[in-house]
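For the sequence shown, numbering that gives the first Met the number 0 gives the first residue as 0, with consecutive numbering after it. Here a beta-carbon is modelled for each residue, glycine too, at the ideal position from N, C-alpha and C. In this text, all values refer to a predicted model and were calculated from it rather than measured experimentally. First up is the structure itself, then whatever we jot down about it.
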Amino acid sequence: MNNFADLLIKEVLKKESSVVVGLDPNPDYFPLCLLDKGQSDIKTITDSILAFNKMIIDVIHPHVLAVKPQLAYYEVYGSYGIYALEQTICYAKSKGLLVINDAKRGDIGPTAIAYAKAFLGDSPLSGDAVTVNPYLGRDGITPFLQERIDRTKGIFVLLKTSNPSASDLQDLQLKSGEKMYQRLAETLDHLAKDTMGHYGYSNLGVVVGATYPQDASYIRSFLKHSLFLVPGYGAQGGKAEDLSCYFDENGMGALISSTRAIIYSYMQHHEDWTNIDKNKIQESIEISTLQAKEEINAIR
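Right, here's the structure in full:
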């Protein structure tokens, strides 16, 4: 049976793309054709979120591998927001996209198993992969990799994140001389070898920010069998020319995630963006998606 990494790499080869699009819907940035700012009831807002996500998916699905919903943008609206997320996941799958739930979950024992079932099982929230916080150690990671979890599902463990203060903990130097993230990479390498697929990649991937290419070179040399989920490209300052070290020698192994630079691109393309129509929104999103795809393909 194919594992998650195999399925993903087949999509890379088919679509000739390594791009993932984040779905972080912020109604403050919605044009009036999506949401009248005077209407503030939760159902109206979450209906507009679902409509926005469908508009995005309709134009990006031929060009990208996956969507990556950030759960906080849905959880803030309670059950209405979760329903919008469930419907978004269902719609993305219907268009042939993989779904990476950016949930950053972390716990141990039965609770971790419950998280694994929620995001990698048969739940309406289940996608194809989920981000995992490793602060609790192996006990917070292995439940997501157990035999009871479908091998066509994967995880991305936070390793070297794109935020400015990531170094506060991740770069702490241990007595061994290693940095914290380097020790974590060693632990993850051992775990990754248990779920290898046909293409030489594991179901255990890692999150490595586009804003730290010098660290990515080390991580790629060490974690040869882990897919990289790479946030921070675009609006956060990560540049395409710095990303070649995230890929292997065959131009595989990395998923470059872009959110604001794509889904809110109409704000840059149209001065009076609040009054644009659906066609203008989708036109901007498609242009930005194709630009990202072209930039990444040029360096991988």
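N100 - DSSP class collapsed to helix/strand/coil: strand
Bridge-paired residues (DSSP) for K67: G21
Reduced DSSP secondary structure (H/G/I, E/B, other) of T130: strand
Reduced DSSP category for G199 - H, G, I as helix; E, B as strand; rest coil: coil
Length of the line joining the Cα atoms of I262 and G21: 8 Å
Extent of the continuous beta strand (DSSP E) to which F227 belongs: F227 to V229
I99 at chain B interface by Cβ criterion, 8 Å: The displayed structure is made up of one protein chain only, and chain B is not part of it.
Distance CB(A253)-CB(Y245) smaller than 8 Å: yes
Meets three-Cβ-pair contact criterion under 8 Å: the segment 109–121 and the segment 83–95: no
Contacting residues, own chain, Cβ-Cβ under 6 Å from K292 (five flanking each side not counted): S16, V18 and H62
Pairwise C-alpha distance: E177 and R150: Here the alpha carbon of R150 sits roughly 32 Å from the alpha carbon of E177.
Cutoff 8 Å; reference L6; Cβ partners in own chain excluding five residues on either side: The beta carbon of L6 sits closer than 8 Å to the beta carbons of L97, D127 and T151 from its chain, once the five residues preceding and following it are set aside; these are given in chain order.
Where G237 falls: helix, strand or coil (DSSP): Correct three-state label for G237: strand.
Nearest-angstrom Cβ-Cβ length linking N1 and N202, presumed shorter than 8 Å: At roughly 11 Å, the Cβ-Cβ gap does not stay under 8 Å, so N1 and N202 are not in contact.
Chain-order list of residues whose beta-carbon lies under 7 Å from that of D188 (same chain, five-residue window excluded): F221 and L222
Buried or exposed by the 16-neighbour rule on C-beta atoms within 10 Å, applied to H197: exposed
Contact check, P30 vs I280, beta carbons under 8 Å: yes
Three-state secondary structure (DSSP) of G153: strand
8 Å contact criterion, which L190 and I140 should meet: CB distance rounded: Contact between L190 and I140 holds: their C-beta atoms lie close to 6 Å from each other, under 8 Å.
Cβ neighbour criterion (16 or more within 10 Å) applied to G80: buried
Three-state secondary structure (DSSP) of A184: helix
Beta-bridge pairing of G120 - partner residues as DSSP gives them: Residue pairing by DSSP places G120 in no beta bridge whatsoever.
Inter-residue Cα distance where the pair is A260 and T87: 20 Å
Own chain partners of M251 with C-beta closer than 7 Å, once the 5 adjacent residues on each side are dropped: Answer for M251: I8 and V11, listed in chain order.
Beta-carbon proximity check, I48 vs Y90, cutoff 8 Å: no
Residue interval of the beta strand (DSSP E) (run including S93): For S93, no beta strand (DSSP E) segment is defined; the enclosing uninterrupted segment is the alpha helix (DSSP H) at G77 to S93.
As assigned by DSSP and simplified to three states, the class of S256: strand
Endpoints, the alpha helix (DSSP H) within which A209 is located: It is not in any alpha helix (DSSP H) - A209 carries neither H nor E in the DSSP assignment.
Alpha-carbon to alpha-carbon, I275 and T45: 20 Å
Proximal residues to A4 (C-beta, below 7 Å), its chain only, five neighbours per side dropped: G153, G196, Y198, Y200, S201, N202 and L226
Residues that DSSP places opposite Q172 in a beta bridge: K178
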